[in-house]
Every structure is written in structure tokens, then in C-alpha cells.
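Q:
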Amino acid sequence: MEFPAAPARRGLVPWLGLLLAGPASVPTLLASNTTVTENEDAVVMTCYTDEIFITWLFNATSLQLKERMKLSRNRRTLTINPVRREDAGNYQCKVSNPVSSTESAPVELYVKY
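Mapped onto mature numbering (1 follows the signal peptide of the UniProt record, and there is no 0), the consecutive letters of the sequence shown carry residue numbers -31 to -1, 1 to 82.
(1) Which term fits Y82, buried or exposed, when burial requires 16 or more other beta carbons within 10 angstroms of its beta carbon?
(2) Nearest-angstrom Cα distance between K61 and E36?
(3) List the residues that DSSP assigns as beta-bridge partners of E7.
(4) Can you have a look at S70 and say buried or exposed, based on whether 16 or more other CB atoms are within 10 angstroms of its CB?
(5) Can you list, in chain order, the residues of its chain whose CB lies under 7 Å from that of T(-4), leaving out five sequence neighbours each side?
(6) Leaving aside the five residues before and after T3 along the sequence, list all residues of the same chain whose C-beta is less than 7 Å from its C-beta, in chain order.
(7) Can you tell me which of V5, F27 and V12 puts its alpha carbon nearest to the alpha carbon of K63?
(8) Beta carbon of T24, beta carbon of R44: below 9 Å?
(9) Going by the DSSP bridge assignment, what does I23 pair with across the sheet?
(10) Distance, Cα to Cα, P51 vs T15?
(11) If we define contact as Cβ-Cβ less than 9 Å, is V13 a contact residue for chain B?
So this is what it looks like as C-alpha cells:
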């Protein structure tokens, strides 16, 4: 009995009708600005990845969203408006699939006050 081949997708390998996930690729995190003024500026951070499961880290722990923070529907873009001094620190995006997870290099946000 032959199994139909599954369609290939980036990061997934078809094998006897099953899709096997490969290791998650390291995402790239970019910020619209890394030095901002408190209560005057906004910052937009974008996580570039092909993975669909994305979480955000602040100073190496899970980011707790505040009312000034918004995530896009696909979780790839974080907007902070306005920025406050407590937002200063290191941001990362973490991507995962059923096989593995990996984090972007940190982007450090500086807040002038």
C-alpha cells in the first residue's frame, strides 16, 4: 500500500504522508528605534521568522503585556506606545515548533527620561 506524499512546506519534510518538523530557525528581531524618550516616543519591534508559534521575552522572562503594549494578530509585531522608563531592557522573540524552540538575539531598548 502506498501513502500519498504530503505537500512540502518550509521547515517541514514530507515522509509517507506525514509532515515531520525540522528544528526551528533562529528568528531576527528588529526595532524601529532603540533609544527613545519616555512618554513621547513609541517603538515597534518585529520578529522575522517562518515559524507560527511566537512568544516575547523581556529581560529573559516572559513579557507581561501592559495596556500600552499591543501584539499584532500573528504575534510578529510588538508596539509600545508610549514608552516608559520601566520598558527599558532586553527584548527577544522566541519561536517554536513541535521539535524545538529558539530565541532571537536580544535588542536592548534605552529610554531617556
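Just so you know, even glycine gets a beta-carbon here, dropped at the ideal spot from N, CA and C. All figures in this text were calculated on a predicted structure; none of them were measured in a lab.
A: On the basis of the data shown:
(1) In the sequence shown, the residue the question calls residue 82 occupies position 113. When all chains shown are included, Y82 counts as exposed.
(2) The residue given as residue 61 occupies position 92 in the sequence shown. The residue given as residue 36 occupies position 67 in the sequence shown. It should be noted that the sequence gives Gln, not Lys, for residue 61. When rounded, the distance between both Cα atoms is 19 Å.
(3) Here residue 7 corresponds to residue number 38 of the sequence shown, with the count starting at 1. Per DSSP, none; premise fails for E7.
(4) Position 101 of the sequence shown, counted from the start, is the residue given in the question as residue 70. Its Cβ having fewer than 16 others within 10 Å, S70 is exposed.
(5) Stepping through the sequence shown from its first residue, residue -4 is reached at position 28. Same-chain partners within the cutoff: Y17 and S73.
(6) In the sequence shown, residue 3 corresponds to position 34, counting from 1. Taken in chain order, the residues that qualify are V76, E77, L78 and Y79.
(7) On the sequence shown, residue 63 is found 94 positions in, with the first residue counted as 1. Nearest C-alpha to K63: F27.
(8) Counting from one through the sequence shown, the residue named residue 24 turns up at place 55. Counting from one through the sequence shown, the residue named residue 44 turns up at place 75. Yes, these two residues count as a Cβ contact at 9 Å.
(9) Walking along the sequence shown from the start, residue 23 turns up at place 54. In DSSP, I23 forms a bridge with V64.
(10) As a first step, residue 51 must be located in the sequence shown, where it is residue number 82. As a first step, residue 15 must be located in the sequence shown, where it is residue number 46. Straight-line Cα distance between these residues: approximately 17 Å.
(11) The question asks about chain B, but that chain is absent: this structure has only one protein chain.
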